[in-house]
Amino acid sequence: MIATSEAFLTGLKPGFSMDTMVNVVSASSGATWPLLNHFPNTVLKNQYEPGFMLDLMYKDMGWH
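Read the sequence shown against the working numbering and you will find it ends at 65, with the numbers running on by one and no gaps.
Here it is, written out as structure tokens:
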């Protein structure tokens, strides 16, 4: 996802739209499950919801 994010930033800086970047990256080896399944309903719509409870992350990381 980091490489995909960097690719998006590289394309957005000169003015390509987010939709154009999704189409380009989706048609290349950068097509990943998160890009194809999460981007359309989250990133492109600017809809972010918590996906993992913070207290569970603390437990899993041993930070409790």
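Virtual Cβ for every residue (Gly too), placed ideally from N, Cα, C.
In this text the structure is predicted, and so the values were computed from the model without any measurement.
Residue span of the alpha helix (DSSP H) that contains residue i, given as start and end
i: residue 64; result: No alpha helix (DSSP H) contains residue 64, which DSSP labels as neither H nor E.
i: residue 47; result: Element bounds for residue 47: n/a, residue is neither H nor E.
i: residue 22; result: 19 to 27
Identity of the residue in the options nearest residue i by Cα
i: residue 54; options: 62, 47 and 24; result: 62
i: residue 31; options: 49, 64 and 3; result: 3
Residue i and residue j closer than 8 Å at C-beta
i: residue 45; j: residue 5; result: no
C-alpha gap between residue i and residue j, whole angstroms
i: residue 17; j: residue 9; result: 9 Å
i: residue 29; j: residue 20; result: 15 Å
i: residue 23; j: residue 51; result: 23 Å
i: residue 15; j: residue 25; result: 15 Å
i: residue 38; j: residue 57; result: 24 Å
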